[in-house]
Each structure stands twice: as C-alpha cells, then as structure tokens.
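Counted the way this note's numbering counts, the sequence shown spans residues 5 to 245. Yeah, the Cβ is synthetic: ideal placement off N, Cα and C, and Gly gets one too. This one's a predicted model, so the numbers in the text were calculated from it and none came from an experiment. Scroll down for the structure; my scribbles are underneath it.
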Amino acid sequence: MSSSSGSLTEELQCSICLDVFTDPVSTPCGHNFCKTCLNEHWDNSQTCSCPYCKETLKHRPDLKINTTLRELIAHYKKIPEKKPEVLCDICEKRKLKALKLCLVCQSSYCETHLEPHLRVAHLKKHKLMDPVSNLEDYICQKHESPLDLFCRDDQTCVCLICSVRDHENHNTVPIEQESEEKKTELMKTQKYMQQMIQDRIKKIQHIKQPAEVRKGFYTELLEIDGGGAAESSRETGGRAD
5 MSSSSGSLTE ELQCSICLDV FTDPVSTPCG HNFCKTCLNE HWDNSQTCSC
55 PYCKETLKHR PDLKINTTLR ELIAHYKKIP EKKPEVLCDI CEKRKLKALK
105 LCLVCQSSYC ETHLEPHLRV AHLKKHKLMD PVSNLEDYIC QKHESPLDLF
155 CRDDQTCVCL ICSVRDHENH NTVPIEQESE EKKTELMKTQ KYMQQMIQDR
205 IKKIQHIKQP AEVRKGFYTE LLEIDGGGAA ESSRETGGRA D
C-alpha cells in the first residue's frame, strides 16, 4: 500500500491488539479501541483508566459502538491492496516492468529479456509464471529449486529433490494438478451449500404456508362468530322491545 494508506492503517488500529478496530468504541478522553479489547482490559484492571493516555475515569462508561468509525473501517477494508510492481532483473539503466518470472532461473523478465525463454529450446522447458515479489515462497529453501510438486501425505509443496530424498514413496502430484482438483472440490462444496440453502428456504416456505392458511381460517371463523354474535344481540334487543 502507499504511505498514505499505511498511515490510515495506523489511525484505524487498536493500541491494545494492534489490529484494525473491531466494533470500535471511544473513551470519554477521545481514544478509540475495540470494544472487546477495552472491556477485557478493564475487567483485568483495578482502576478504570484509558489504556492509551492513562487518564482515570470516575466510573466505567457504557460503551457504544462508534458507527462513523465502523463505517470508515468497512470502507477501508474494501480498498484492494496495491501489489508491488515487480521489475525486470536484467534491465540495467531503466528497469522495465517484469512480464514473467522464471522459477528455474529465479529471475523476472520484461518483454524484451523474456524473448530467449520463448525461442531457445532448452529455455522453453523452464517454468514461467506471473511475476511476484515473494519469490522465496515458490522456491525450496533447502535445495533452491522450484516447488513443482505437492505431497498429499504431508500436505505440503516440495521440489523434485525433496520428493526423491525426503518424500520417497509418498503420493506426490504436480502442483497444478493439486490446485485444479482443490478448485473442483471447492466448487462442488459451494454448489452443495447453495443447494442446501435453497432446500432450507423451500422448507421454511412450506412450513409458513399452512400457518398462513390456518391464520386465515381462524380470522374468517372469528369474523363469522363475531357476525353471529352481533346478529344474536340484535335479535335479543328486538325481543326486549
């Protein structure tokens, strides 16, 4: 994020848990905290004071959510974090934006310097991906090789050397295969959950319908009964006259 958004993060940060406010509340002295954090702090303190400025309060206030601050936080969380731009490792004078990252060479390339990987036979076999700033997450720190495989026994990403030395006889698959299968499973689960929600809605509607019918029936019955009572009253009155 930019420096301005970084300073905004600090402004929206609880000084107790050091995270963005959850259900923000304000003390009489004007400082903000998460409601849970402040209540826990006071529950564990002998005196009721502001955790930030240490001002002692005469009595423990009834904490109310700062709705303005909560809305600001909700808006802030919707702002997508800007990914850092990855530059070409080969450019010398003016570094251009990287187009691809080679996991074998462990270097990022702009369009010009990527050209050999698209033309030279042995370089075409290298694994290319979109450039990232956290290259270490995609490289085995032990063998400095790309994490090409996924070990299903240990549920971890491994390199080719790891699969031979440390994960022998384990069920390892290409990481792309594991990723696609996980996506498929997730989509099936999502579809199942959506269907289950729809079924629940139908059941609720089915339950509500008889209740509404019964309510209408009772209302009609009361109206009939009320009308009969009124008629009976008129007849009684007529006889009395």
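So if DSSP puts residue i in a beta bridge, which residue, or which two residues, is it bridged to?
i           : result
residue 108 : Residue 108 pairs with nothing; no bridge assigned.
residue 160 : 155
residue 77  : According to DSSP, which records beta bridges pairwise, residue 77 is partnered with nothing at all.
residue 37  : 29
residue 53  : 60
residue 113 : 104
residue 24  : 17
residue 91  : 101
residue 176 : 155
residue 69  : 29
residue 133 : 105
residue 143 : 150
Comparing C-alpha positions only, which one of the options sits nearest to residue i?
i           : options               : result
residue 144 : 102, 29 and 107       : 107
residue 31  : 84, 57 and 100        : 57
residue 70  : 152, 34, 110 and 209  : 34
residue 68  : 39, 83, 60 and 75     : 39
residue 135 : 150, 129 and 114      : 114
residue 173 : 102, 98, 65 and 158   : 158
residue 165 : 179, 149, 155 and 98  : 149
residue 87  : 51, 137 and 190       : 137
residue 132 : 109, 140, 146 and 194 : 109
residue 156 : 147, 179 and 142      : 179
residue 44  : 99, 193, 20 and 103   : 20
residue 142 : 197, 111 and 194      : 111
residue 77  : 170, 16 and 84        : 16
residue 116 : 93, 130 and 129       : 93
Please classify residue i: is it buried, with 16 or more other beta-carbons within 10 angstroms of its beta-carbon, or exposed?
i           : result
residue 79  : exposed
residue 22  : exposed
residue 176 : buried
residue 210 : exposed
residue 183 : exposed
residue 29  : buried
residue 125 : exposed
residue 122 : exposed
residue 49  : exposed
residue 82  : exposed
residue 151 : buried
residue 118 : buried
residue 168 : exposed
residue 63  : exposed
residue 14  : exposed
residue 171 : buried
Flag this pair as yes or no: are the beta carbons of residue i and residue j separated by less than 8 angstroms?
i           : j           : result
residue 37  : residue 73  : no
residue 18  : residue 41  : yes
residue 249 : residue 154 : What the structure shows of the chain is the stretch from 5 to 245, and residue 249 is not part of that stretch, so it cannot be assessed.
residue 246 : residue 127 : With the chain running from 5 to 245 in the structure shown, residue 246 is simply not present.
residue 91  : residue 103 : no
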